[in-house]
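Written below as structure tokens is the structure these notes are about.
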Amino acid sequence: MPRETRDLGRFVRWDVVVTALLVVVFFGGLGADANFGNADNLSFALNDLSEIALIALPMTLLVVCGQVDLSVASVLGLASAMTGYLWDAGMPFETIVPLVLVTGVACGLVNGLLVTRLGLPSLAVTIGTLTLYRGLAYVVLGTGAVSQFPPSYSAFAGNVPGTPIPYPVALFAVLAVLTGLALHATGFGRSLFAIGSSEDTAFFAGIRVKRIKLLLFTLSGVVAAFAGIVFTLRYGSARADNGAGLELTVIAAVLLGGVDFDGGKGTLGGVIAGVLLIGVLRNLLMLNDVTTEIQAVVTGLLLIVSVLDHPTVRRFAELARRRSILRDLRPRTHPPRGAHPPRR
């Protein structure tokens, strides 16, 4: 590999590339559709990202730590179902919120205990609990829907007075700052990177690996439950299927933001850029009346793009490059002049 290419790779980080791509797509959207830059549309686009952005925060910490939680969308659905069921049963909303959050804690604890105590891989565990929690949501609420939530709480899905900024986005901004500081400016964050780089090395260095992973899964559960409340109030409807498939969009945003799926690498700034890039693309597609199925295709393509810099992909690329070099170096034998292949 040329020296110039190696030097360029040191300074051009993936999160910077994603941020630059976000800027290009955003200004391209301004030129492509007159409605895109409208304040109401931008406010809607940000609000539409609320749940994805909130769940992406603990998901970033998990993936940096070498773990993943695929059950987050099902926890969101379970939280929404519980919110609707308890409200329909006449319970005050002030009591519903803490009960739903405790349910999220319980879901996260189940995931964390299965991973840390039984030593099961988080991917397999959360695929199982993804189905389990979604099934529980249907047990709680069935296939129906509950609406007519109190206006004082439904207003939380609106904008901060005097600004085009939705309340959930303002809350996300505060949580993002706190998460960024925890990840990049504290010993706790350094522990996450250490665990993601080498769990055994981190353990022998005195880091409480199991406790940290359990904490992260619990945090993921409670944030997903809170996102379920936000989702319910934003749409004004509690359903067991709320948020179905949202986990893939969250993971696409995290990986697109430059977090290594094997753990040990990544920045929260890159993840935020990834979330915003997905949001801008989704909004542009909606403005052009593109169906949700095509939007899902775009999310899938972004997920594929996000793993192009994955170590496994790089190893295959390096192997292919070496084979090509060996093929070029292989001596070529030519038959003597005038010789003919034997006849059969």
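Just so we're on the same page, the numbering used here is the position in the sequence shown counted from 1, plus 4. Built from N, CA and C at the ideal position, the CB exists for glycine as well.
Where are the beta strand (DSSP E) runs, 3 residues long or more, that stay fully inside the stretch 202-273, in chain order? Here no run is fully enclosed.
Evaluate the contact criterion for the stretch 251-259 versus the stretch 181-200: three or more CB pairs, one atom per stretch, below 8 Å. Touching, no.
Would you kindly work out how many angstroms separate the C-alpha atoms of Tyr171 and Leu105, rounded to a whole number? Working through the sequence shown from its first residue, we reach residue 171 at position 167. Working through the sequence shown from its first residue, we reach residue 105 at position 101. Tyr171 and Leu105: Cα-Cα distance of roughly 19 Å.
Please state whether DSSP places Ala149 in a helix, a strand or coil. Residue 149 sits at position 145 when you count from the first residue of the sequence shown. When DSSP states are grouped into helix, strand and coil, Ala149 belongs to the strand group.
If we count Cβ pairs, one from each stretch, closer than 8 Å, do we get three or more for the stretch 87-107 versus the stretch 33-49? No, they do not touch.
How would you label Ile308, buried or exposed, when you count the other beta carbons within 10 angstroms and need 16 or more for buried? The count along the sequence shown starts at 1 and reaches residue 308 at position 304. Label assigned to Ile308: exposed.
Tell me whether the beta-carbon of Gly108 lies closer than 8 Å to the beta-carbon of Val79. Stepping through the sequence shown from its first residue, residue 108 is reached at position 104. Stepping through the sequence shown from its first residue, residue 79 is reached at position 75. With contacts defined by Cβ atoms closer than 8 Å, Gly108 and Val79 form a contacting pair.
State yes or no: is the beta carbon of Pro154 nearer than 8 Å to at least one beta carbon in chain B? This model lacks chain B altogether, as it is built from one protein chain only.
Quick one: any contact between the stretch 201-221 and the stretch 28-39, if contact means 3 or more CB pairs under 8 Å? Between the stretch 201-221 and the stretch 28-39 there are fewer than three inter-stretch CB-CB distances shorter than 8 Å, so the stretches are not counted as touching.
Determine the extent of the alpha helix (DSSP H) in which Asn115 is found, giving its start and end residues. Stepping through the sequence shown from its first residue, residue 115 is reached at position 111. For Asn115, the enclosing alpha helix (DSSP H) covers residues 97-120.
Beta-ladder partner(s) of Pro170, from DSSP: As a first step, residue 170 is located in the sequence shown; it is residue number 166 there, counting from the start. Answer is Asn163, bridged to Pro170.
What would DSSP say about Gly17, mapped onto helix, strand or coil? In the sequence shown, counting from the first residue as 1, residue 17 sits at position 13. According to the sequence displayed, residue 17 carries Arg and not Gly. Reduced to three states, the DSSP call for Arg17 is coil.
Residue range of the alpha helix (DSSP H) that Ala43 falls in? By one-based count along the sequence shown, residue 43 stands at place 39. From DSSP, the alpha helix (DSSP H) with Ala43 extends over 43-52.
With respect to the alpha helix (DSSP H) encompassing Leu80, which residues constitute its N-terminal and C-terminal limits? Position 76 of the sequence shown, counting from 1, holds the residue named residue 80. Here the alpha helix (DSSP H) through Leu80 covers 76-92.
Is Ser84 closer than 8 Å to His134 when the C-beta atoms are compared? As a position in the sequence shown, residue 134 is number 130, starting the count at 1. As a position in the sequence shown, residue 84 is number 80, starting the count at 1. A small correction: the amino acid at residue 134 is Leu; His does not occupy that position in the sequence shown. No, they are not a contact pair.
Lys269 and Val263 - do their beta-carbons sit closer together than 8 Å? On the sequence shown, position 259 is the one that residue 263 refers to. On the sequence shown, position 265 is the one that residue 269 refers to. Yes; because the gap between Cβ atoms is below 8 Å, this pair is in contact.
Spell out a yes or no on whether the stretch 194-214 and the stretch 282-300 are touching, meaning 3 or more CB-CB pairs, one atom from each, closer than 8 Å. The stretch 194-214 is not in contact with the stretch 282-300.
Evaluate the contact criterion for the stretch 229-246 versus the stretch 148-168: three or more CB pairs, one atom per stretch, below 8 Å. At 8 Å Cβ cutoff, the stretches touch.
Chain-order list of residues whose beta-carbon lies under 8 Å from that of Leu223 (same chain, five-residue window excluded): For this step, residue 223 is matched to residue 219 along the sequence shown. Closer than 8 Å at Cβ, skipping near neighbours: Pro62, Leu65, Gly112.
Let me know the secondary structure DSSP gives Leu12 once reduced to three states. As a first step, residue 12 must be located in the sequence shown, where it is residue number 8. Only weak support is given to the placement of Leu12: the predicted model assigns it a pLDDT of 40, under 50, and the question is left unresolved by the model.
If I follow the unbroken alpha helix (DSSP H) through Val309, where does it start and stop? Taking the first residue of the sequence shown as position 1, residue 309 is located at position 305. It spans 296-310 - the alpha helix (DSSP H) in which Val309 sits, taken as one unbroken run.
Give the DSSP-derived three-state secondary structure of Thr64 in the structure shown. As a first step, residue 64 must be located in the sequence shown, where it is residue number 60. When DSSP states are grouped into helix, strand and coil, Thr64 belongs to the helix group.
Counting C-beta neighbours from all protein chains within 10 Å, is the total for Gly166 16 or more, i.e. buried, or is it exposed? For the purposes of this step, residue 166 is identified with residue 162 of the sequence shown, where counting begins at 1. Around the C-beta of Gly166, fewer than 16 other C-beta atoms lie within 10 Å, and the residue is accordingly described as exposed.
Residue of Ala229, Gly247, Thr295, Val279 minimising C-alpha distance to Ala180: Walking along the sequence shown from the start, residue 180 turns up at place 176. Of Ala229, Gly247, Thr295, Val279, the residue nearest in Cα terms is Val279.
Residue span of the alpha helix (DSSP H) that contains Pro155, given as start and end: The residue given as residue 155 occupies position 151 in the sequence shown. 155-158 is the span of the alpha helix (DSSP H), which, as asked, contains Pro155.
To which residues of the same chain is Leu118 closer than 6 Å at the C-beta, ignoring the five residues directly before and after it? Taking the sequence shown and counting its residues from 1, one reaches residue 118 at position 114. Leu124, Val129.
Is it true that the CB of Gly200 sits closer than 8 Å to the CB of Arg68? What you label residue 68 is simply residue 64 of the sequence shown in a count that begins at 1. What you label residue 200 is simply residue 196 of the sequence shown in a count that begins at 1. With the sequence shown as reference, residue 68 is identified as Val, and Arg is not the correct amino acid for it. Between Val68 and Gly200, the CB-CB gap stays under 8 Å.
For Asn246, collect the residues of the same chain with a Cβ closer than 6 Å to its Cβ; drop the 5 residues on either side in sequence, then sort them by chain order. In the sequence shown, the residue the question calls residue 246 occupies position 242. Cβ neighbours of Asn246 beyond the five flanking positions: Gly81, Ser84, Phe235.
Using a 10 Å radius around the Cβ and a threshold of 16 neighbouring Cβ atoms, would you call Asn115 buried or exposed? Walking along the sequence shown from the start, residue 115 turns up at place 111. Classification of Asn115: buried, given that the 10 Å Cβ count is 16 or more.
Which of helix, strand or coil DSSP assigns to Gly123: Counting from 1 along the sequence shown, the entry for residue 123 is found at position 119. Residue state, collapsed to three classes: coil.
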